[in-house]
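Enquirer:
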Amino acid sequence: MNKNILFFFAATGLLVVNNLFLYWQFFEFNFALFLSNTIGVALFIEAFMLMFLLAYYFKHHPIGKYKWYWLIIFSLLGSLLFALPFYYWLNTKDKK
Numbered sequence: 006m007n008k009n010i011l012f013f014f015a016a017t018g019l020l021v022v023n024n025l026f027l028y029w030q031f032f033e034f035n036f037a038l039f040l041s042n043t044i045g046v047a048l049f050i051e052a053f054m055l056m057f058l059l060a061y062y063f064k065h066h067p068i069g070k071y072k073w074y075w076l077i078i079f080s081l082l083g084s085l086l087f088a089l090p091f092y093y094w095l096n097t098k099d100k101k
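Residue numbers (the working numbering): 6 to 101.
1) With distances taken Cα to Cα, identify the nearest neighbour of TYR71 among ALA37, LYS98, VAL22.
2) Return helix, strand or coil for HIS65, following the three-state DSSP convention.
3) Please determine if the stretch 53 to 66 and the stretch 24 to 44 are in contact, where contact requires at least 3 C-beta pairs separated by less than 8 Å.
4) Using the C-alpha atoms, what's the distance from PRO67 back to PHE79?
5) GLY45: buried (16+ other C-beta within 10 angstroms of its C-beta) or exposed?
Here is the structure:
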């Protein structure tokens, strides 16, 4: 896969999606309002379940020297949009 495409998606996930989430978390978060937003809760659960599903897949089908738990760490530090392309790039950067 083209490294520039991976960088674009990882940068978008880290700089755009993650910053929007952090802004919401620190300045607009209201737990009662969050729980009343059914679609928001569903998307939140879906993102976490996909993160664990992808980590499970990479645990049993590793793509490089960086272990599956790094995908979870990157997802929690950024977003899944950041974590997946960055994890893939990190594991394939030395391959041709």
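By construction, the Cβ of each residue, glycine as well, lies at the ideal position given by its N, Cα and C atoms.
Expert: Once the coordinates are examined:
1) Closest by alpha carbon: LYS98.
2) Look at HIS65 here: in three-state DSSP terms it is helix.
3) Too few Cβ pairs lie closer than 8 Å, so no.
4) One C-alpha to the other measures close to 16 Å.
5) With fewer than 16 Cβ atoms within 10 Å of its Cβ, GLY45 is classed as exposed.
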